[in-house]
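The structure under discussion appears below in the form of structure tokens.
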Amino acid sequence: MLAQYHPNFSKYKTQIENCITHFTSSGKDFVIGKRNAIKLFELGNEVISIKSFKKPNIINKIAYRYFRKSKARRSFEFASKLMEMQIGTPQPVAFFENYDFIGLKESYYACEHLENVFEFREIVQNEAFENRDFIIRKFTQFTFEMHQKGIEFLDHSPGNTLIRKNNDGSYSFFLVDLNRMQFHQTIDFKTRMKNLSKITHKKDMIAVMSNEYAKLSNGNETNIFETMWGLTADFQYRFHRKKRIKKKLKFWKK
Numbered sequence: 000m001l002a003q004y005h006p007n008f009s010k011y012k013t014q015i016e017n018c019i020t021h022f023t024s025s026g027k028d029f030v031i032g033k034r035n036a037i038k039l040f041e042l043g044n045e046v047i048s049i050k051s052f053k054k055p056n057i058i059n060k061i062a063y064r065y066f067r068k069s070k071a072r073r074s075f076e077f078a079s080k081l082m083e084m085q086i087g088t089p090q091p092v093a094f095f096e097n098y099d100f101i102g103l104k105e106s107y108y109a110c111e112h113l114e115n116v117f118e119f120r121e122i123v124q125n126e127a128f129e130n131r132d133f134i135i136r137k138f139t140q141f142t143f144e145m146h147q148k149g150i151e152f153l154d155h156s157p158g159n160t161l162i163r164k165n166n167d168g169s170y171s172f173f174l175v176d177l178n179r180m181q182f183h184q185t186i187d188f189k190t191r192m193k194n195l196s197k198i199t200h201k202k203d204m205i206a207v208m209s210n211e212y213a214k215l216s217n218g219n220e221t222n223i224f225e226t227m228w229g230l231t232a233d234f235q236y237r238f239h240r241k242k243r244i245k246k247k248l249k250f251w252k253k
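If you use numbering that gives the first Met the number 0, the sequence shown closes out at 253, no skipped numbers anywhere.
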């Protein structure tokens, strides 16, 4: 099995390898989905999260061997790069790739498990959330900083940003599910707005985000709002159309 460790965790190689070897029968279930599974493991005084990615089909097995990096490797490399760029993400620990004679058989990504955090999704769903407007503005500042540094997080959605309230009342933001990212010298206006189009369908939140983004960028607030809202509406239309099509296909398969 191919493995790479962050230097801070190389002393735990044997323990981490044991977690991978016995992944199905050990650890504490955290997220068990149809595609991926995440389990928690104790490592010294810390807890790490290990994500087992869905086993690829035969085409992807070959592709991940010869043509593109596995999701586990990309997650590790992108997390390492984000930390170098001082953008919040759980501390990367290691990644693992297991190959057979055809190609990639299975892969795993290990990182720090964050305690006392909540998803940005909770802000979207709960209009009475404490300090909601303030958190939306801080999230917008966090996103603007990413854009200024040339980071395009392609899965920038409400479930992929974790938030922690600190003892001093401030908030820290952490990106997760990192395997789809692009890094640029600069990011143009439309790409920036499109990057925020999956965050929320709520117009009041778009208004707050637009107001804050305009302050940060010295841009025209009306133009920012209209562009962001238009791209959000386009995304919502495509998203719900896709769901309707899937629902119809499931009906006809019965």
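Note that CB positions come from ideal geometry on N, CA and C, so glycine has one too.
Predicted model only: the values in this text are computed from it and were never measured.
| Check | Outcome |
| --- | --- |
| Delimiting residues of the alpha helix (DSSP H) encompassing residue 141 | 131–147 |
| Every unbroken beta strand (DSSP E) inside the region 25–100 [3 residues or more] | 27–31, 36–42, 45–51, 91–98 |
| Given residue 186 as reference, the closest of 86, 41, 150 once Cα atoms are compared | 150 |
| C-beta contact flag for residue 205 and residue 182 at 8 angstroms | no |
| Supposed close pair residue 162, residue 116 - CB separation, criterion 8 angstroms | 6 angstroms |
| Cβ-based burial, residue 207 [other Cβ within 10 Å; buried from 16] | buried |
| Limits of the beta strand (DSSP E) - the one that residue 213 falls within | Taken as a continuous stretch (DSSP letters only), residue 213 belongs to no beta strand (DSSP E), being part of the alpha helix (DSSP H) at 202–216. |
| Rounded C-alpha distance that separates residue 41 from residue 137 | 32 angstroms |
| Residue 172, enclosing beta strand (DSSP E) - first and last residue | 170–174 |
| Residue(s) in a DSSP beta bridge with residue 164 | 170 |
| For residue 134 and residue 128, the rounded distance between their alpha carbons | 10 angstroms |
| Stretch-stretch touch, CB-based, cutoff 8 angstroms, three pairs: the region 12–31 with the region 65–72 | no |
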